[in-house]
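Asker: Residue numbers (the UniProt record's numbering): 1 to 325. Note that beta-carbon positions come from the ideal geometry of N, C-alpha and C, so glycine has one too. Predicted, not measured: the structure shown is a model, and the values here were computed from it.
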Amino acid sequence: MKLLWIAVCFCTLHLKGEAALSPLIENYLRGSQSIQSYDSINLPEFRRNFRENQKLVNQKAPRFNLQIKDEHVLLAEGKKVAVRTYTNFLRNNEPLLIFLHGGGFVFGDLETIDIFCREIAHYSKCSVISIEYPLAPENPYPIAIDTIYQTLLAVFKDLPRRRIQSDRVFIGGSSAGATLAAAIALMARDRNGPHLKGQILLCPMMDTSFNTVSHEENAKGYNLTTDHCRWFYSKYCKDFLSRKDPYLAPLHATDFKGLPKALVVTAEFDPLRDEGRIYAEKLEEAKVPSLELCYRGMIHGFFTLPLDLDEKWQVLKQIGMFIDE
Numbered sequence: 001m002k003l004l005w006i007a008v009c010f011c012t013l014h015l016k017g018e019a020a021l022s023p024l025i026e027n028y029l030r031g032s033q034s035i036q037s038y039d040s041i042n043l044p045e046f047r048r049n050f051r052e053n054q055k056l057v058n059q060k061a062p063r064f065n066l067q068i069k070d071e072h073v074l075l076a077e078g079k080k081v082a083v084r085t086y087t088n089f090l091r092n093n094e095p096l097l098i099f100l101h102g103g104g105f106v107f108g109d110l111e112t113i114d115i116f117c118r119e120i121a122h123y124s125k126c127s128v129i130s131i132e133y134p135l136a137p138e139n140p141y142p143i144a145i146d147t148i149y150q151t152l153l154a155v156f157k158d159l160p161r162r163r164i165q166s167d168r169v170f171i172g173g174s175s176a177g178a179t180l181a182a183a184i185a186l187m188a189r190d191r192n193g194p195h196l197k198g199q200i201l202l203c204p205m206m207d208t209s210f211n212t213v214s215h216e217e218n219a220k221g222y223n224l225t226t227d228h229c230r231w232f233y234s235k236y237c238k239d240f241l242s243r244k245d246p247y248l249a250p251l252h253a254t255d256f257k258g259l260p261k262a263l264v265v266t267a268e269f270d271p272l273r274d275e276g277r278i279y280a281e282k283l284e285e286a287k288v289p290s291l292e293l294c295y296r297g298m299i300h301g302f303f304t305l306p307l308d309l310d311e312k313w314q315v316l317k318q319i320g321m322f323i324d325e
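(1) With distances taken Cα to Cα, identify the nearest neighbour of Leu-100 among Lys-235, Phe-116, Ala-253, Thr-87.
(2) Are His-228 and Gly-104 close, meaning C-beta to C-beta below 8 Å?
(3) Between the C-alpha atoms of Ile-164 and Leu-97, what's the straight-line distance to the nearest angstrom?
(4) Between which two residues does the beta strand (DSSP E) holding Arg-84 run?
(5) Counting Cβ pairs, one atom from each stretch, are 3 or more of them under 8 Å apart for the stretch 216–226 and the stretch 310–324?
(6) For Ser-290, which residues does DSSP report across the bridge?
(7) I need the straight-line Cα distance from Ser-175 to Phe-210, nearest angstrom please.
(8) What do you reckon, are the CB atoms on Asp-167 and His-122 nearer than 8 Å?
(9) For the ligand ATP, I want to know if Val-83 counts as a neighbour, meaning its beta carbon is within less than 7 Å of at least one of the ligand's heavy atoms.
(10) Return the CA-CA distance between Val-106 and Pro-134, expressed in angstroms with no decimal places.
(11) According to the neighbour-count rule (16 or more other Cβ atoms, all chains shown, within 10 Å of its Cβ), is Gly-193 buried or exposed?
(12) What number of angstroms, rounded off, separates the C-alpha of Cys-126 from the C-alpha of Gln-199?
(13) Kindly indicate which three-state DSSP category Phe-156 falls into: helix, strand or coil?
(14) Quick one: residues in its chain with C-beta nearer than 7 Å to the C-beta of Pro-260, no 5 flanking neighbours on either side, listed in chain order?
(15) Using alpha carbons as the reference points, say which of Leu-248, Phe-240, Glu-281 lies closest to Lys-257.
(16) Quick one: what does DSSP say Ser-166 is sitting in, helix, strand or coil?
(17) Closest by CA to Asp-274, which one among Leu-305, Val-128, Pro-204, Cys-237?
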């Protein structure tokens, strides 16, 4: 299994001078309407339309052999958090991936990541719990991260009922959800639990400086822009530029020892590409096993696009291998 990992890693290394968008991605970008600026949008209306449109798409998506159930997790202080669980009728004692949706801390919910969670549960052979965490700017930092951590504690208490072993729980997410997942891994280490077996970070946003080469190369033109990233962080935390808080931006951490192993997926034409790579390198320096896979010709969040991409299926396979190892 490790040899296969190495082969895939070499196949997807950055090859400078040969950068080219995938034809499928190029056609998608040509036919899609990208948002130049979020400043003028009506945020509640945008969220509502995004959710309703995605619900219609979800209704037509395959359910596989999954039991998909909406639940509420009761936190210690009495607050309830909505989650959606994905379990396979035909498998018992599966690993568990707790997954956090993307959306720049301000958009997204259980519906917007539903299809991808189904695909993870089916193809990567694990149970999935998707968490609907509080969104900014109504719920500024650190409300989301604190809520997720409390939800994690509640889920761990409930593992016996779910017939899941406590040493088989992973945290993961996409985009801003991956940021939150990495922050939760740091928080769980710092607070002595609960123990997470691994972190699965898909196109993570890990820093607030926006000064990497990938931000220069891919600042605009590939759906997610560097200006979008700044806007998202400004809504999540007003003083994000002056705060050096690792739970806000995981690359602000000074100690990466003792963190769970990591699978980091990045995309060649993503402004966030280098942030994921640098995070994986920091883990390796701290003797934490990590694997960064950069998919050539891809853009931010390619694995959730409505396209039949070979790279998407590779990501799902890699998630399964990472969980199995």
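Answerer: On the basis of the supplied data:
(1) Locating residue 100 in the sequence shown gives position 100, counting from the first residue. A check of alpha carbon separations from Leu-100 across Lys-235, Phe-116, Ala-253, Thr-87 identifies Phe-116 as the nearest.
(2) In the sequence shown, counting from the first residue as 1, residue 228 sits at position 228. In the sequence shown, counting from the first residue as 1, residue 104 sits at position 104. Yes, Cβ-Cβ distance for His-228 and Gly-104 is below 8 Å.
(3) By 1-based counting over the sequence shown, the position of residue 164 is 164. By 1-based counting over the sequence shown, the position of residue 97 is 97. Cα to Cα, Ile-164 sits roughly 11 Å from Leu-97.
(4) Taking the sequence shown and counting its residues from 1, one reaches residue 84 at position 84. Arg-84 -> beta strand (DSSP E) spans 80–88.
(5) Too few Cβ pairs lie closer than 8 Å, so no.
(6) Indexing the sequence shown from 1 puts residue 290 at position 290. Looking at the DSSP output, Ser-290 bridges to Ala-262.
(7) Within the sequence shown, numbered from 1, the residue matching residue 175 stands at position 175. Within the sequence shown, numbered from 1, the residue matching residue 210 stands at position 210. Straight-line Cα distance between these residues: approximately 15 Å.
(8) Here residue 167 refers to the residue found at position 167 of the sequence shown. Here residue 122 refers to the residue found at position 122 of the sequence shown. No, Cβ-Cβ distance for Asp-167 and His-122 is not below 8 Å.
(9) In the structure shown, the ligand ATP is absent, as is every other ligand, since no ligand is present at all.
(10) Numbered from its first residue, the sequence shown carries residue 106 at position 106. Numbered from its first residue, the sequence shown carries residue 134 at position 134. Whole-angstrom Cα-Cα distance: 9 Å.
(11) Start at 1 with the first residue of the sequence shown, and residue 193 comes out as number 193. That one is exposed.
(12) As a first step, residue 126 is located in the sequence shown; it is residue number 126 there, counting from the start. As a first step, residue 199 is located in the sequence shown; it is residue number 199 there, counting from the start. Spanning the two alpha carbons is a distance of roughly 14 Å.
(13) Here residue 156 is taken as the residue at index 156 of the sequence shown, counted from 1. DSSP places Phe-156 in helix when its eight states are reduced to three.
(14) Reading the sequence shown from its first residue, position 260 is the one you call residue 260. When the five nearest sequence neighbours on each side are left out, the beta carbons in the same chain lying within less than 7 Å of the beta carbon of Pro-260 are those of Ala-185, Leu-196, Lys-197, Gly-198, Gln-199, in order along the chain.
(15) For the purposes of this step, residue 257 is taken as residue 257 along the sequence shown, with counting starting at 1. Considering only alpha carbons, the answer is Glu-281.
(16) The residue you call residue 166 lines up with position 166 of the sequence shown. If DSSP states are grouped into helix, strand and coil, Ser-166 belongs with the helices.
(17) Counting from one through the sequence shown, the residue named residue 274 turns up at place 274. Nearest option by C-alpha distance: Pro-204.
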